Structure formats: structure tokens, C-alpha cells
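Before any comments, here is the structure.
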Amino acid sequence: MKIFIDPGHGGNNPGAVSQTGLKEADVNLDVALKLGRILTTWGYEVKYSRTDNITVSLTQRANMANEWGADYFVSIHCNSNENPNITGTSTYFYRRGTTAESFAIVVNNNLVRQIELKDLGVFAANFAVLRKTYMPAILVELAFISNPNEALLLSTNTFRQNCAIGIANGIAQFTQ
1235 MKIFIDPGHG GNNPGAVSQT GLKEADVNLD VALKLGRILT TWGYEVKYSR TDNITVSLTQ
1295 RANMANEWGA DYFVSIHCNS NENPNITGTS TYFYRRGTTA ESFAIVVNNN LVRQIELKDL
1355 GVFAANFAVL RKTYMPAILV ELAFISNPNE ALLLSTNTFR QNCAIGIANG IAQFTQ
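The opening residue of the sequence shown carries number 1235 in the working numbering; numbering runs sequentially from there.
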């Protein structure tokens, strides 16, 4: 089973930045690498869109997964909102009624169970990495980096590891 992991942003695009300077791209990469290590120990084949702080276009990310022949695509992100009081975890997929929607539900449920944040649910979205991939693809929004409490969690190794465990548990539940 081949899982393509996409740590969102990177390089010249840091993504959202917390009030304390925590960059979404750095959190995404750390969680993605932790997730990949877990999945590899469980016997999955893993490939990443990036393994360091480089710029990779959205089309390149989808093309890499397509060319590799991934079975599933997982993009890792942190959410952000102008209102710093907004909290929670959500997962996105491209089209309703597809395997990707079912995959998003299972991963989101496992992630929320592991990290114990507010469950915002799963949503259909026209994101390039979801639209341009040939395999079931999801985009996980771990927590709100714009919320001071969630940004503090996102800055810790323990919380990031728990994010990786939650996503990995969802992948395993869905694919086995």
C-alpha cells in the first residue's frame, strides 16, 4: 500500500504564521515526517512531496503522487482564521460520494479521537491537490495556528506526534 504524504506549504510559502512566529510549513513538515515513520514501521510504502523546507507547486505535488502510483494522498495543514477564537480539526476531500469522502471521515474521526480537539467535520473542497490527484486524496487541517491555545499545542513535539498517530490510525483503519 502506497501512501503519498504532502506537507503543505514550504520554501518561499510559510503558510499561516502564529502570533509567536510558528510557521505552518514547519509544523506540517514535522507531522508529515512523523506520520511517514509510523506508516513505514507498519509496512506501508511512503513518499513525500517534500522532506525539507523547499518550494513545491500544487501541480507538482499532485503529479508526484500520480507518477508514483500512490494508493492514497494525504496533505497536512494547519488552519487559520482572522478570528483567533476559532478552534478545531477538519478534513477535506474533492467530491461527495467518493472513496475520498469515506477516507476523510475515517481519518478525521481517528485524528479527533487522538488529539481531543473540537471536531469541525469533513468538507468537500476544490483544492488543487485534491482535484488533480488520481487516487483518493484528503487534506487534513490539524488545528488553528491562529488560535493561541492551539498554536501552543502545535508547537509541541507531543501534540505533533499525536497528530501523526491519529492520522496513521485512520489510514490503517481505512486501508485494512
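Note that CB positions come from ideal geometry on N, CA and C, so glycine has one too. All values derive from a computational prediction rather than experimental measurement.
Proximal residues to residue i (C-beta, below 6 Å), its chain only, five neighbours per side dropped
i       : result
LYS1257 : PRO1248 and VAL1251
ALA1359 : TYR1326
TRP1302 : LYS1281
ARG1365 : TYR1328
GLU1316 : none
ASN1381 : PRO1318 and THR1321
For residue i, the residue or residues it bridges with in DSSP
i       : result
ASP1353 : THR1323
VAL1251 : LYS1257
GLU1301 : Its beta-bridge partners do not exist; DSSP assigns none.
PRO1370 : PRO1370 is not bridged to any residue.
VAL1308 : ILE1239 and ILE1372
LYS1281 : PHE1238
ALA1358 : PHE1327
GLY1400 : Looking at the DSSP assignment, GLY1400 forms no beta bridge with any residue, so it has no partner.
Beta-carbon contacts of residue i that lie in its chain and below 7 Å, excluding the five residues immediately before and after
i       : result
ALA1398 : VAL1265, LYS1268, LEU1269 and ILE1272
Contacting residues, own chain, Cβ-Cβ under 8 Å from residue i (five flanking each side not counted)
i       : result
GLU1384 : THR1321, LEU1351, ALA1377 and PHE1378
Bounding residues of the alpha helix (DSSP H) (the contiguous stretch that carries residue i)
i       : result
VAL1363 : 1362 to 1365
GLU1384 : 1382 to 1388
Presumed contact (8 Å Cβ cut-off) between residue i and residue j, rounded CB distance
i       : j       : result
ASN1343 : GLY1404 : 7 Å
GLY1400 : LEU1354 : With 8 Å as the limit, GLY1400 and LEU1354 do not qualify as a contact, their Cβ atoms being about 15 Å apart.
ILE1416 : ILE1339 : In the structure displayed, the chain extends from 1235 to 1410; residue 1416 sits before or after that span and is not available.
For this session: Pair every Cβ in the segment 1285 to 1305 with every Cβ in the segment 1319 to 1339, then say whether three or more of these pairs are closer than 8 Å.
Result: no
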